[in-house]
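Numbering-wise (the numbering used here), the sequence shown opens with residue 6 and increments by one.
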Amino acid sequence: MTMLETLMKKRNNEELSAIEIETMIQNFTDGKIPDYQISAFLMATYFTGMTIPELTTLTMAMMHSGDVLDLSEIPGIKVDKHSTGGVGDKVSLPLAPMLAALNIKVPMISGRGLGHTGGTLDKLEAIPGYQVEISEDAFKKQINQVGTAIIGATGNIAPADKKMYALRDVTATVDSIPLIAASIMSKKLATGNNALVLDVKTGAGAFMKKQDQAEALAQIMVKIGKEAGMQMQAVISDMNQPLGSKVGNTLEIEETLDTLKGQGPKDLLEVTLALAAPMVVMAKKTDSEMVAREMLMGTITDGSALAKFGEMIAAQGGDIGVLDDYQLMPHAKYEIEVPALTSGYLNRLDADAVGIASMRLGGGRTKKDDLLDYGVGITLHKKLGDAVKAGESLMTIAAEQADISEIIDYLQAHLAIGVEVAAPTLIHKIIK
Ligand code: URA
6 MTMLETLMKK RNNEELSAIE IETMIQNFTD GKIPDYQISA FLMATYFTGM
56 TIPELTTLTM AMMHSGDVLD LSEIPGIKVD KHSTGGVGDK VSLPLAPMLA
106 ALNIKVPMIS GRGLGHTGGT LDKLEAIPGY QVEISEDAFK KQINQVGTAI
156 IGATGNIAPA DKKMYALRDV TATVDSIPLI AASIMSKKLA TGNNALVLDV
206 KTGAGAFMKK QDQAEALAQI MVKIGKEAGM QMQAVISDMN QPLGSKVGNT
256 LEIEETLDTL KGQGPKDLLE VTLALAAPMV VMAKKTDSEM VAREMLMGTI
306 TDGSALAKFG EMIAAQGGDI GVLDDYQLMP HAKYEIEVPA LTSGYLNRLD
356 ADAVGIASMR LGGGRTKKDD LLDYGVGITL HKKLGDAVKA GESLMTIAAE
406 QADISEIIDY LQAHLAIGVE VAAPTLIHKI IK
């Protein structure tokens, strides 16, 4: 079967066989299929979709296009969490040490910021000395000794996805549910874990703006993971406004530490518990999510989760002085308040606009090799549904320049004060 015949079948909405998909991915990875033919495949898939067998085969073929981590020398069930990306979404940072404090193994391979959404690795690099690039052996040793490690991809994980994503980016085929599902799951399956909880975000600041799209994506990813033998669960969580109160790299480490000290914002703790509790159950520490929540809260009250975070930082070369002294991390030169222009209730605070503002301040990248200003960002004093008085500060912006009037105007245009609204529901749905 030639690539032309595969394309004709896909165009005609006929189901591709496993061998057709595997051959296509293998040849694409090896550079034997031109970009224009894969681009045609992507566009045909965008319009015709994929059956579950096609999608499972595509995901597995993409996973096997590169290195697959073998974590079998680490005893016990290895659990992982993945978020589709949001603003102020720092959940992995408190979640990993809370689970590790319960003796659960949490090997995490994380990413950098993408567009307006922040990246866990960028946040961790606000901690002086923290190394996100460590060898596979050091990673496994740390999981055995500390229980958790958060690192960047080691080796060559899913190269077919890397090449395919670059084409999707320039052929208007990024927002295809099957293509997103295969992209995410090929990388997650390559990390060698046994259980995965997905946080699929929905709302203004999310990839999937509508809840039904988020649910469809979650359902498909759960199915693919189960087919591959993983324990799976997905949580659909809200991303209309940022999660927590702080957006920016240093600022989000500060909020993580506050959370581990029992002084963090309620919404961040709630999403962390909603994702971590099923992971405790998957790791077979209890069969009740209610009990799991109590166990997780116990790691905060007895200080063991904070101590674990310190152990992880130390193991990866970071300065554990930051646990007590936030000033050891980079901070911006200026702090500028954004006042409420009228009185009423905050009823719009677009998460994506806050993320873009933080990126424009220098906290995120517009190009792959941009250097970051770790200290910049935004601290929110009001969230959706809060009462505000004219002149009161809605947020503090940490900036490297004194004049950020353009960014303030941009933020003012993406928030609104008016009639009272209820705070949005945080957890929309659980998909098992
Ligand atoms: N994240 C990924 O890794 N892939 C996608 O296609 C979308 C989000």
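Glycine included, each C-beta is placed from N, C-alpha and C at the ideal position.
Could you give the DSSP three-state label for residue i: helix, strand or coil?
i	result
V343	strand
I38	coil
T430	coil
M317	helix
R353	strand
L21	coil
A337	coil
L377	coil
G367	helix
E398	Reading off the sequence, residue 398 comes out as Ser, not Glu. Of the three classes helix, strand and coil, the one that applies to S398 here is strand, per DSSP.
V424	coil
V5	Only positions 6 to 437 of the chain appear in the structure, and residue 5 is not among them; the question remains open.
A404	strand
T2	No answer is possible for residue 2: it lies beyond the span of the chain, which begins at 6 and ends at 437.
I435	strand
A392	strand
G308	coil
M29	helix
A288	coil
Q417	helix
D272	helix
K4	Within the shown structure, residues of the chain are numbered from 6 to 437, placing residue 4 beyond reach of any answer.
T277	helix
S348	coil
G322	coil
M300	helix
M6	coil
S410	helix
G267	coil
May I ask you to check if the CB of residue i is nearer than 8 Å to at least one heavy atom of the ligand GTP?
i	result
I412	Among the ligands modelled here, namely the ligand URA, the ligand GTP does not occur.
Distance cutoff 9 Å, beta carbons only. Does residue i sit that close to anything in chain C?
i	result
E130	As a matter of chain content, chain C is missing from the structure shown, which is built from one protein chain.
Handout entry: Runs of beta strand (DSSP E) wholly within the region 191-265 (minimum 3 residues, chain order)
Key = 200-207 and 236-243
Exercise for the section: Kindly confirm or deny that the region 312-329 and the region 113-127 touch, where touching means at least three C-beta pairs closer than 8 Å. Expected result: no
Problem - Residues with C-beta closer than 5 Å to any heavy atom of the ligand URA, in chain order - result: I185, S188 and I189
Problem - Contained alpha helix (DSSP H) runs [length at least 4] in the region 45-131, N- to C-terminal order - result: 57-68, 97-105 and 125-129
Exercise for the section: Note down, one range per segment and in chain order, each alpha helix (DSSP H) of at least 4 residues found wholly within the region 140-194. Expected result: 141-150, 164-175 and 182-194
Practice task
Mind the definition here: the region 116-133 touches the region 362-371 only if three or more C-beta pairs lie below 8 Å; say whether that holds.
Solution key: yes
Practice task
State whether the region 280-298 contacts the region 94-113, with contact taken as three or more CB pairs (one from each stretch) at a distance under 8 Å.
Solution key: yes
Problem - Three or more C-beta pairs below 8 Å linking the region 215-232 and the region 45-64 - result: yes
Problem - Inter-stretch contact at 8 Å, needing at least 3 Cβ pairs: the region 189-205 / the region 353-360 - result: no
Practice task
May I ask you to verify whether the region 412-423 touches the region 259-279, counting CB pairs closer than 8 Å and requiring at least 3?
Solution key: no
Exercise for the section: Assess, as a yes-or-no matter, whether the region 156-167 is touched by the region 336-344 under the definition of 3 or more beta carbon pairs within less than 8 Å. Expected result: no
Practice task
Determine contact between the region 86-95 and the region 198-206, defined as no fewer than three beta-carbon pairs at a distance below 8 Å.
Solution key: yes
Problem - the region 75-93 touching the region 168-178, judged by at least three CB pairs closer than 8 Å - result: no
Handout entry: Contact between the region 322-329 and the region 141-155 (3+ Cβ pairs under 8 Å)
Key = no
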